[in-house]
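Before any comments, here is the structure.
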Amino acid sequence: MRTLYIAGDSTAAQKYADAAPETGWGMALPFFLHKEVAVANHAINGRSTKSFIDEGRLTTILAAIRPGDVLLVQFGHNDQKVTDPSRYTEPWGSYQDNLRRYVRGARERGALPVLATSVERRRFDAAGTALRTLGDYPAAMREVALEDDVPLLDVQELSLALWQKLGPETTKTYFNWTPAEQDNTHFNPPGAIAVARLVVGELLHTRVLTPGDTRRLDAEVPAEWITWPDSEEN
Numbered sequence: 001m002r003t004l005y006i007a008g009d010s011t012a013a014q015k016y017a018d019a020a021p022e023t024g025w026g027m028a029l030p031f032f033l034h035k036e037v038a039v040a041n042h043a044i045n046g047r048s049t050k051s052f053i054d055e056g057r058l059t060t061i062l063a064a065i066r067p068g069d070v071l072l073v074q075f076g077h078n079d080q081k082v083t084d085p086s087r088y089t090e091p092w093g094s095y096q097d098n099l100r101r102y103v104r105g106a107r108e109r110g111a112l113p114v115l116a117t118s119v120e121r122r123r124f125d126a127a128g129t130a131l132r133t134l135g136d137y138p139a140a141m142r143e144v145a146l147e148d149d150v151p152l153l154d155v156q157e158l159s160l161a162l163w164q165k166l167g168p169e170t171t172k173t174y175f176n177w178t179p180a181e182q183d184n185t186h187f188n189p190p191g192a193i194a195v196a197r198l199v200v201g202e203l204l205h206t207r208v209l210t211p212g213d214t215r216r217l218d219a220e221v222p223a224e225w226i227t228w229p230d231s232e233e234n
């Protein structure tokens with residue numbers, strides 16, 4: 001059995017009952033993978049490439065990862081937090097340096113590193129054009145992937161195209177819009193399922209996974225399949 005480890009932020013993270021219906025795309029990933037590919041979702045709310053490392057979370061993954069496993073890395077949203085020195089990174093400096101630490105750590109253990117540009121937020125201009133919100137971070141990640149020969153999942157571009165196709169109103173049904181909150185960053189079950197489908201499609205396209213590793217890419221996945229545990233087990 002291979003394990004796909006996720007290092008990332010709240011857009012991918014496991015959510016719990018007190019956060020429902022908010023859903024990380026990592027929660028939906030197993031629906032598109034055969035049981036021979038396990039998912040170890042270490043993504044957690046609010047983390048950047050820097051804070052994830054500083055808190056020892058990369059060390060935890062590297063202690064468990066094995067030859068043949070995959071380390072999927074998606075950060076960018078919180079690396080943008082310029083007023084928070086515990087999270088902020090410079091896109092063409094410390095952000096790239098940190099990404100290379102993930103890549104190097106996986107490779108030293110015989111695992112395959114994979115970089116994924118951050119999924120786009122829901123933001124449109126007055127004409128209904130979906131907008132990029134992630135600054136230079138996706139481009140900086142693309143450069144690392146190219147220079148270090150790392151498979152790249154361009155989730156930013158794929159999600160941006162999907163939001164554009166769906167439009168300003170329909171995308172509300174993919175994000176965590178509730179009577180109490182209008183959240184244009186985090187997903188509800190349909191949104192998480194849609195992004196997970198994009199991620200697995202790119203894992204297949206980049207040959208990180210084979211067709212035999214995947215399932216349901218062209219099939220409906222009911223939102224009711226998403227469940228939220230009662231509480232986090234530390």
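The numbering of the sequence shown is the numbering used here, which starts it at 1 and goes up by one.
Think of the CB as a built atom: it goes at the ideal place given N, C-alpha and C, for glycine as much as any other residue.
Computed from a predicted model, the values in this text were never measured in an experiment.
Measuring CB to CB, does residue 42 end up less than 9 Å from residue 23?
For this step, residue 42 is matched to residue 42 along the sequence shown. For this step, residue 23 is matched to residue 23 along the sequence shown. No.
So, are the CB atoms of residue 57 and residue 44 less than 9 Å apart?
Mapped onto the sequence shown, residue 57 falls at position 57. Mapped onto the sequence shown, residue 44 falls at position 44. The answer is yes: Cβ separation under 9 Å.
Please report how far the alpha carbon of residue 106 lies from the alpha carbon of residue 205, in whole angstroms.
Walking along the sequence shown from the start, residue 106 turns up at place 106. Walking along the sequence shown from the start, residue 205 turns up at place 205. Taking the straight line from one Cα to the other gives about 21 Å.
Backbone secondary structure at residue 228 - three-state DSSP
Position 228 of the sequence shown, counted from the first residue, corresponds to residue 228. The three-state reading of DSSP puts residue 228 in coil, since its state is none of H, G, I, E or B.
Between the alpha carbons of residue 162 and residue 208, how many angstroms are there, rounded?
Within the sequence shown, numbered from 1, the residue matching residue 162 stands at position 162. Within the sequence shown, numbered from 1, the residue matching residue 208 stands at position 208. The C-alpha of residue 208 is placed about 23 Å away from the C-alpha of residue 162.
Per-residue DSSP class, three states only, for residue 181:
Here the question's residue 181 lines up with position 181 in the sequence shown. Residue 181 sits in a strand when the DSSP states are folded into three classes.
Note down the Cα distance separating residue 131 from residue 200, rounded to an integer number of angstroms.
Here the question's residue 131 lines up with position 131 in the sequence shown. Here the question's residue 200 lines up with position 200 in the sequence shown. Roughly 24 Å between the two C-alpha positions.
Classification of residue 1 by the beta-carbon crowding that lies within 10 angstroms, buried from 16 upward
Looking up residue 1 in the sequence shown gives position 1. Residue burial annotation: residue 1 is exposed, with fewer than 16 other C-beta atoms found within 10 angstroms of its C-beta.
Verify whether the separation of the beta carbon atoms of residue 104 and residue 48 is less than 9 Å.
Taking the first residue of the sequence shown as 1, we reach residue 104 at position 104. Taking the first residue of the sequence shown as 1, we reach residue 48 at position 48. Their beta carbons are not under 9 Å apart, which means residue 104 does not touch residue 48 by this criterion.
Cβ neighbours of residue 168 in the same chain (closer than 7 Å, five flanking residues each side left out):
Within the sequence shown, the letter at position 168 stands for residue 168. Excluding its 5 nearest sequence neighbours in each direction, residue 168 has C-beta neighbours in its own chain below 7 Å: 124 and 128, listed in chain order.
Starting from residue 189, follow the beta strand (DSSP E) in both directions and report where the run begins and ends.
Sequence index remark: in the sequence shown, residue 189 carries index 189 (1-based). First-last for residue 189: 189-205, but that is the alpha helix (DSSP H), not the beta strand (DSSP E).
How is the beta strand (DSSP E) around residue 26 delimited, first residue to last?
Counted from its first residue, the sequence shown places residue 26 at position 26. Taken as a continuous stretch (DSSP letters only), residue 26 belongs to no beta strand (DSSP E), being part of the alpha helix (DSSP H) at 25-28.
On a CA-only basis, which of 183, 176, 14 and 35 is nearest residue 212? Give me that one, please.
Reading the sequence shown from its first residue, position 212 is the one you call residue 212. A check of alpha carbon separations from residue 212 across 183, 176, 14 and 35 identifies 35 as the nearest.
Please state whether DSSP places residue 2 in a helix, a strand or coil.
In the sequence shown, the residue the question calls residue 2 occupies position 2. Taken through DSSP and simplified to helix, strand or coil, residue 2 comes out as strand.
Could you pull out every residue in the same chain whose Cβ sits closer than 7 Å to the Cβ of residue 173, ignoring the five residues on either side in sequence?
Residue 173 sits at position 173 when you count from the first residue of the sequence shown. So the qualifying residues of the chain are 190.
May I ask you to report which of helix, strand or coil DSSP gives residue 234?
Working through the sequence shown from its first residue, we reach residue 234 at position 234. Any reading at residue 234 must be qualified, since the residue scores a pLDDT of 44, below 50, and its modelled position is unreliable; the value itself is stated next. In this structure, DSSP gives residue 234 a state outside helix and strand, which the three-state scheme calls coil.
Excluding five sequence neighbours on each side, which residues of the same chain lie with their C-beta closer than 6 Å to the C-beta of residue 92?
Here residue 92 corresponds to residue number 92 of the sequence shown, with the count starting at 1. Excluding residues within five positions, the ones whose Cβ falls inside 6 Å are 140.
Can you grab the Cα-Cα spacing for the pair residue 192 / residue 78, in whole Å?
Here residue 192 is taken as the residue at index 192 of the sequence shown, counted from 1. Here residue 78 is taken as the residue at index 78 of the sequence shown, counted from 1. Using only the alpha carbons, I get a separation of about 19 Å.
Nearest-angstrom Cα separation, counted from residue 28 out to residue 225:
Start at 1 with the first residue of the sequence shown, and residue 225 comes out as number 225. Start at 1 with the first residue of the sequence shown, and residue 28 comes out as number 28. Using only the alpha carbons, I get a separation of about 9 Å.
How should residue 114 be labelled, buried or exposed, when 16 other C-beta atoms within 10 angstroms of its C-beta is the threshold for buried?
Along the sequence shown, read from residue 1 onward, the residue named residue 114 stands at position 114. Counting Cβ neighbours within 10 Å, residue 114 comes out buried, since at least 16 surround it.
Could you name the residues of the same chain whose beta carbon sits closer than 7 Å to that of residue 14, not counting the 5 residues immediately before and after it, in chain order?
Counting from 1 along the sequence shown, the entry for residue 14 is found at position 14. Within the same chain, and ignoring the five residues on either side of residue 14 in sequence, the residues whose Cβ sits closer than 7 Å to its Cβ are 24, 26, 27 and 41.
Spatial neighbours of residue 30 within its chain, please: CB distance less than 7 Å, with the 5 preceding and 5 following residues excluded, ordered by chain position.
Counting from 1 along the sequence shown, the entry for residue 30 is found at position 30. Around residue 30, the same chain offers 39 as residues with beta carbons nearer than 7 Å, after the five sequence neighbours per side are excluded.
Would the beta-carbon of residue 119 fall within 9 Å of that of residue 221?
Start at 1 with the first residue of the sequence shown, and residue 119 comes out as number 119. Start at 1 with the first residue of the sequence shown, and residue 221 comes out as number 221. No; because the gap between Cβ atoms is not below 9 Å, this pair is not in contact.
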